[in-house]
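Residue numbers (my numbering): 196 to 579. Even for Gly, the Cβ is constructed at its ideal location relative to N, Cα and C. Fair warning: this is a prediction, and the values are worked out from it, not measured in the lab. Report on the following structure.
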Amino acid sequence: AATPPAQGPAAAGQARQRVLDDLPTFVEQLLAQAGANGIHVAHVTSAQDANRRIIHILREAGSTEILRNHALILDEIGVDRAAAANAIRITRLHAGDHIVELAGERGSHPLWPAAHLPAEAISATLQAKMRVPATVDPDLLASTLRMPLRRTLLRTHTAIVGLNFAVAADGALVTLDADGHNASLIALAQHLICVLSVEQIVADSADLDLLIAAFARGAWGRALPSYITQIDRPAPSGGDGPRRVHLILVDNGRSRILTAGFGEALRCIHCGACHNVCPLFQQVGAAGYGPAPYSGPIAGVIHPILLRPGLAADAAFLCSACTACGPVCPVGIDLPRLLQAQRQRQRVWHRRGRLAFWLWQRLLPHPWLFFPVLRLAGRRWRRP
Numbered sequence: 196a197a198t199p200p201a202q203g204p205a206a207a208g209q210a211r212q213r214v215l216d217d218l219p220t221f222v223e224q225l226l227a228q229a230g231a232n233g234i235h236v237a238h239v240t241s242a243q244d245a246n247r248r249i250i251h252i253l254r255e256a257g258s259t260e261i262l263r264n265h266a267l268i269l270d271e272i273g274v275d276r277a278a279a280a281n282a283i284r285i286t287r288l289h290a291g292d293h294i295v296e297l298a299g300e301r302g303s304h305p306l307w308p309a310a311h312l313p314a315e316a317i318s319a320t321l322q323a324k325m326r327v328p329a330t331v332d333p334d335l336l337a338s339t340l341r342m343p344l345r346r347t348l349l350r351t352h353t354a355i356v357g358l359n360f361a362v363a364a365d366g367a368l369v370t371l372d373a374d375g376h377n378a379s380l381i382a383l384a385q386h387l388i389c390v391l392s393v394e395q396i397v398a399d400s401a402d403l404d405l406l407i408a409a410f411a412r413g414a415w416g417r418a419l420p421s422y423i424t425q426i427d428r429p430a431p432s433g434g435d436g437p438r439r440v441h442l443i444l445v446d447n448g449r450s451r452i453l454t455a456g457f458g459e460a461l462r463c464i465h466c467g468a469c470h471n472v473c474p475l476f477q478q479v480g481a482a483g484y485g486p487a488p489y490s491g492p493i494a495g496v497i498h499p500i501l502l503r504p505g506l507a508a509d510a511a512f513l514c515s516a517c518t519a520c521g522p523v524c525p526v527g528i529d530l531p532r533l534l535q536a537q538r539q540r541q542r543v544w545h546r547r548g549r550l551a552f553w554l555w556q557r558l559l560p561h562p563w564l565f566f567p568v569l570r571l572a573g574r575r576w577r578r579p
């Protein structure tokens, strides 16, 4: 990267904040630029809307067997469940993601979803699902996974890809990875559906360079990722790449996070750096952070807002306040401060909950008073 390492987090954080400070404008700019490049664009507010759009595209294409990459946004919207409910089979091309899927587990790390599974557990899963001999040899395990996935890749013409970034200035769509599965998917797919959460928009190519370097630093401790794949427009006839490209921008609670005053958390590029130093995450993994794909310190900040009330109210209280996550963030998020702020916010909600329970106890014996108060409380709760 052009920016010296000492200035990297500050510069990358400014690049992220530049978009968050004027997010609607950058959303419109990206939609316009990508559309001008021949990409079919849509902006949806919820996971349900995103899945409806995806299923509609798949039905139009006549696709019943598709591949997807490893991307937290795809797990967040639940695209696998939506596809299965519509008799569409999704296979995960990323080896770790595929193992987690076969085992019926939840991914434990933003980059290495099967990091929590020992070799013996992986071997047992492959033995049960693929009827292969038991082994803990890493090369044999990898080859056992590789061959069926490669066959599926060669016969599948439709892919769903969760993006890392999209550039508002020119409409470029970008994925980063260390094993090349994104590049393989994009090169061989005829129909490509790209999904991006709105906060991952980048203003221009200069900011993109900063953030690619920041992601590589946080994820792998090096200057650049092994693979950077960029989609500018549908491929011409006779060329490699998809003939038809869709971009679906998903909000799904990001606006609530901004409104609640936790917009700094949306700088997160999901590199996993904070996970690698968090003592709590090392002990409990992803299971303690609520029913969503995000985990680690960032989940303690965003889950109480992103999920339905009550589902992850205690996520911020899991933190031991060691503050190790703050210095390692490559985009300069002050995670210790945000976790403390989220704790304070949840204490206020807990006090309100105790007050509501106290009122409920007093009003329940008096139906003539209870039901009008209940209706009033319902209207107040629904008010934005």
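For residue j and residue i, the rounded distance between their alpha carbons
{"i": "W307", "j": "G291", "result": "6 Å"}
{"i": "G233", "j": "P204", "result": "34 Å"}
{"i": "A482", "j": "A516", "result": "19 Å"}
{"i": "A314", "j": "P333", "result": "8 Å"}
{"i": "G467", "j": "P525", "result": "10 Å"}
{"i": "W415", "j": "P305", "result": "12 Å"}
{"i": "R263", "j": "D275", "result": "9 Å"}
{"i": "Q587", "j": "I272", "result": "Outside the displayed span of the chain (196 to 579) sits residue 587, for which this structure offers no information."}
{"i": "L368", "j": "L442", "result": "9 Å"}
{"i": "A323", "j": "M342", "result": "17 Å"}
{"i": "I261", "j": "D446", "result": "24 Å"}
{"i": "L226", "j": "L358", "result": "15 Å"}
{"i": "T454", "j": "Q228", "result": "27 Å"}
{"i": "L215", "j": "A231", "result": "23 Å"}
{"i": "L534", "j": "F360", "result": "25 Å"}
{"i": "T198", "j": "R417", "result": "Residue placement at T198 is flagged as unreliable, the pLDDT there being 42, under the threshold of 50; a coordinate-derived value is accordingly withheld."}
{"i": "H470", "j": "L513", "result": "13 Å"}
{"i": "A401", "j": "Y422", "result": "18 Å"}
{"i": "T353", "j": "A384", "result": "5 Å"}
{"i": "G175", "j": "H386", "result": "Outside the shown range of the chain (196 to 579) lies residue 175, about which nothing can therefore be said."}
{"i": "R355", "j": "P562", "result": "First, the amino acid is wrong: residue 355 is Ile here, not Arg. Spanning the two alpha carbons is a distance of roughly 53 Å."}
{"i": "S450", "j": "S338", "result": "43 Å"}
{"i": "L312", "j": "L336", "result": "13 Å"}
{"i": "P560", "j": "P567", "result": "13 Å"}
{"i": "A430", "j": "R326", "result": "39 Å"}
{"i": "V564", "j": "R503", "result": "Sequence inspection shows Leu at residue 564; the Val mentioned does not correspond to that position. Distance between the alpha carbons of L564 and R503 is about 29 Å."}
{"i": "P531", "j": "D217", "result": "25 Å"}
Residue i - partner residues in DSSP beta bridges
{"i": "S392", "result": "V445"}
{"i": "H498", "result": "Answer is none; H498 lacks a bridge partner."}
{"i": "D372", "result": "Y422"}
{"i": "F360", "result": "V369"}
{"i": "E260", "result": "R284"}
{"i": "R439", "result": "H386"}
{"i": "V236", "result": "L442"}
{"i": "V397", "result": "V362"}
{"i": "T353", "result": "H386"}
Cβ pair residue i, residue j closer than 8 Å
{"i": "G521", "j": "D529", "result": "yes"}
{"i": "I426", "j": "I388", "result": "no"}
{"i": "A408", "j": "L391", "result": "no"}
{"i": "A210", "j": "G527", "result": "no"}
{"i": "L444", "j": "V393", "result": "yes"}
{"i": "V362", "j": "D399", "result": "yes"}
{"i": "H235", "j": "V440", "result": "yes"}
{"i": "A511", "j": "Q541", "result": "yes"}
{"i": "S318", "j": "A310", "result": "no"}
{"i": "F476", "j": "G456", "result": "no"}
Other residues of its chain near residue i: CB distance less than 8 Å, five sequence neighbours each side excluded
{"i": "A340", "result": "Reading off the sequence shown, one finds Leu at residue 340, where the question assumed Ala. Once the five neighbours on either side are set aside, the close Cβ partners of L340 are A290, H293, I294, L321."}
{"i": "S379", "result": "L288, L348"}
{"i": "L472", "result": "It should be noted that the sequence gives Val, not Leu, for residue 472. A519, C520, V523, listed in sequence order."}
{"i": "P474", "result": "S515, C517, A519"}
{"i": "R213", "result": "A398, D402"}
{"i": "Q224", "result": "A363, A364"}
{"i": "Q539", "result": "none"}
Same chain only: Cβ atoms within 6 Å of residue i, ignoring 5 sequence neighbours per side
{"i": "G302", "result": "V295, P308"}
{"i": "H265", "result": "H289, D292"}
{"i": "T424", "result": "T370, N377, A378, I381"}
{"i": "L297", "result": "T320, K324"}
{"i": "I285", "result": "I261, R263, D275, A278"}
Any non-hydrogen atom of the ligand MN closer than 7 Å to residue i Cβ
{"i": "G291", "result": "Summarising the ligand content, the structure contains no ligands, and the ligand MN is consequently not present."}
Cut-off 7 Å between Cβ atoms - residues of its own chain near residue i, not counting five sequence neighbours on either side
{"i": "R577", "result": "With a pLDDT of only 44 at R577, under the threshold of 50, the placement of this residue in the model should not be trusted, and no figure is reported."}
{"i": "P488", "result": "L267, D270, E271, G302"}
{"i": "S241", "result": "N447"}
{"i": "V222", "result": "H238, V393, I396, L444"}
{"i": "G458", "result": "L215, I452"}
{"i": "T220", "result": "none"}
{"i": "R612", "result": "Outside the modelled stretch of the chain, which goes from 196 to 579, sits residue 612, for which no answer is possible."}
Segment contact, 8 Å Cβ cut-off, at least three pairs: the stretch 249 to 268 with the stretch 490 to 505: Under the Cβ criterion (8 Å, minimum of three pairs), the stretch 249 to 268 does not count as touching the stretch 490 to 505.
Original post:
If you pair each beta-carbon of the stretch 280 to 289 with each one of the stretch 398 to 413, do three or more pairs fall below 8 Å?
Top reply: Judged by Cβ distances under 8 Å, the stretch 280 to 289 makes no contact with the stretch 398 to 413, as fewer than three pairs qualify.
Q) Just checking, does the stretch 472 to 482 make contact with the stretch 436 to 449 on the three C-beta pairs under 8 Å criterion? A) Flag = no, the stretch 472 to 482 and the stretch 436 to 449 do not touch.
Between the stretch 455 to 466 and the stretch 253 to 261, do three or more beta carbon pairs fall short of 8 Å?
-> Output reads no: the stretch 253 to 261 does not touch the stretch 455 to 466.
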